[in-house]
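K.L.:
full-length UniProt numbering numbers the first residue of the sequence shown as 1 and each following residue consecutively.
Pasting in a structure now, in structure tokens, and then I'll have a few things to ask.
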Amino acid sequence: MEQQQQGAAARRMATLASHLRPQPASSHPQMEEVPLLMGSNCRAKGAAPGFKVAILGAAGGIGQPLALLMKMNPLVSVLHLYDVVNAPGVTADISHMNTGAVVRGFLGQPQLENALTGMDLVIIPAGVPRKPGMTRDDLFNINAGIVRTLCEGIAKCCPKAIVNVISNPVNSTVPIAAEVFKKAGTYDPKRLLGVTTLDVVRANTFVGEVLGLDPREVNVPVIGGHAGVTILPLLSQVNPACSFTSEEVNYLTSRIQNGGTEVVEAKAGAGSATLSMAYAAAKFADACLRGLRGDAGIVECSYVASQVTELPFFASKVRLGRSGVEEILPLGPLNEFESWSGEGKERAGPEYPEGRLFHQQVRRPSSKCPTPT
Ligand SMILES: NC(=O)c1ccc[n+]([C@@H]2O[C@H](COP(=O)([O-])OP(=O)(O)OC[C@H]3O[C@@H](n4cnc5c(N)ncnc54)[C@H](O)[C@@H]3O)[C@@H](O)[C@H]2O)c1
Ligand SMILES: O=C(O)C[C@H](O)C(=O)O
């Protein structure tokens, strides 16, 4: 009897210790000696039933605060934190939070498949951020390869997962992800979503400031893409209904389109938006999870495969549900300032073997904004 109790106690200790160690154990020899310490055995008592979420790039500037926010989300029962560096430290840290989600860490490419297996939602902030003077397209060469590798893992290990792509340039990384999934035979356009929520978050904040309203009460649809002039806030459709002078429209449009650059310049070489982005990504992920749960009326803006314009991918309001994007909502009436010109079509391209339209830009001739960034 005493022996049995000791055995049970030893197992409990091993389970607790496993929270701190990613699997498999190549860099943690003690885990190889004691198979019980595998992360897959680890489950905190009291963990609620819920969704399994993976963050790829979890040790980064966005990844860490996003991991914190997802650990606080009551809809999440399992949180997998994957990165090519520092995953064990972030996992140990986050795992001490007394919220319901069980946290497991995964370090490096050999652990990618374990990180992804069984996931309902995969969020991808992996990739390099901008420095002052760079455009988002300058990140393409590095980030395209990162997103491609991660999506190959998703296609293999959790092909039904909803995928939220944050890595820039979103206008290109989303089409790349689509091509990877097509090649693997797993592509479902309803499940692949580019995260443009930060544009909406910024628009709500700046419009709230101009109108003297609580930004939480403001809702500005932002359509198009996620780079410079492809970011188009629909100021004619702000909720609550309001009107702006043309000076206000110019100021707000430009501020929203250049919000990313404003942060990149303020950080002076130390990266781009991370904290506001983590907030936005957590908000969007929560909406996806509520959709998966079957909640009604979940509407967010997102960059998705779309037929609302002639462009193959486009950000607009989408209704989220059990299968991801259940409906792409019409753009609604656009005023002259907001209408798309034919110039956008001319600027779409060039085409590449993967990723289709890497440099999609939709430009309004009247725009006073600088070159897309
Ligand atoms: N969609 C948006 O609105 C939005 C907003 C802000 C930033 N971003 C983009 O998000 C990306 C990340 O920004 P950040 O500030 O967190 O950068 P960061 O450099 O702080 O973090 C990136 C993380 O990705 C990890 N990483 C690199 N290669 C990886 C791989 N192959 N697999 C897994 N992880 C890998 C790095 O180790 C690092 O921890 C950038 O591309 C940035 O431009 C997008
Ligand atoms: O601007 C960037 O490079 C990061 C991100 O896309 C943003 O909008 O903040």
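For every residue, glycine included, the Cβ atom is placed at its ideal position computed from N, Cα and C.
Straight-line CA distance for Ala155 to Val180?
P.N.:
8 Å
K.L.:
Residues in the same chain with beta-carbon distance under 8 Å from Val90, minus the five sequence neighbours each way, listed in chain order, please.
P.N.:
Ala58, Ala59, Gly63, Gln64, Ala67, Leu81, Asp83 and Gly105
K.L.:
Mind checking which residues open and close the beta strand (DSSP E) that includes Ala177?
P.N.:
First-last for Ala177: Val170 to Ala184, but that is the alpha helix (DSSP H), not the beta strand (DSSP E).
K.L.:
Let's test the definition: count the other Cβ atoms within 10 Å of the Cβ of His96 and tell me whether it reaches 16, buried, or not, exposed.
P.N.:
Exposed, because fewer than 16 other Cβ atoms sit within 10 Å of the Cβ of His96.
K.L.:
Over the uninterrupted beta strand (DSSP E) stretch that includes Pro233, give me the two end residues.
P.N.:
Ile231 to Pro233
K.L.:
Contact defined as beta carbons within less than 8 Å: I believe Leu329 pairs with Ser316. What is the distance between those atoms, to the nearest angstrom?
P.N.:
7 Å
K.L.:
Express the C-alpha separation of Ser272 and Arg191 in angstroms, rounding to a whole number.
P.N.:
27 Å
K.L.:
Tell me, to the nearest whole angstrom, how far the beta carbon of Leu79 is from that of Ile124; I am working on the premise that it is less than 8 Å.
P.N.:
Actually they do not touch by this definition, with Cβ atoms about 15 Å apart.
K.L.:
Tell me whether the beta-carbon of Leu211 lies closer than 8 Å to the beta-carbon of Ile223.
P.N.:
no
K.L.:
Enumerate, from N- to C-terminal direction, the unbroken alpha helix (DSSP H) stretches of 4 or more residues contained entirely within the UniProt domain "Lactate/malate dehydrogenase C-terminal" (196-338).
P.N.:
197-211, 246-257, 259-267 and 275-293
K.L.:
So for Gly7, helix, strand or coil by DSSP?
P.N.:
helix
K.L.:
Determine the contact status of Cys158 and Val122, defining contact as a CB-CB distance below 8 Å.
P.N.:
The answer is yes: Cβ separation under 8 Å.
K.L.:
Helix or strand or just coil, what does DSSP make of Leu56?
P.N.:
strand
K.L.:
Taking the alpha carbon of Pro221 as the reference point, which residue from Pro110, Thr99 and Glu338 has its own alpha carbon closest?
P.N.:
Glu338
K.L.:
Fully enclosed by the UniProt domain "Lactate/malate dehydrogenase N-terminal" (52-194), which beta strand (DSSP E) runs are 3 residues long or longer?
P.N.:
76-83, 102-107, 121-124, 162-165 and 192-194
K.L.:
Evaluate Gln360 with the Cβ neighbour count: other Cβ atoms within 10 Å of its Cβ, from every protein chain shown; 16 or more gives buried, anything less gives exposed.
P.N.:
Note on Gln360: pLDDT 37, under 50, position unreliable in the model; the coordinate value appears next. With 16 or more other Cβ atoms within 10 Å, it is buried.
K.L.:
Output needed for Gln5: all residues of its chain with C-beta closer than 8 Å, excluding positions within five of it in sequence on either side, in chain order.
P.N.:
none
K.L.:
Leaving out the 5 sequence neighbours to the left and right, which residues in its chain are closer than 7 Å to Thr274 when beta-carbon positions are compared?
P.N.:
Gly61, Ile62 and Pro65
K.L.:
Rounded to whole angstroms, what is the Cα-Cα separation between Ser302 and Pro88?
P.N.:
32 Å
K.L.:
Name the residue from Gly225, Leu289, Arg322 and Thr261 whose alpha carbon lies nearest to the alpha carbon of Asn171.
P.N.:
Gly225
K.L.:
Under the rule that 16 or more other beta-carbon atoms within 10 Å means buried, what is Thr230, buried or exposed?
P.N.:
Thr230 should be labelled buried.
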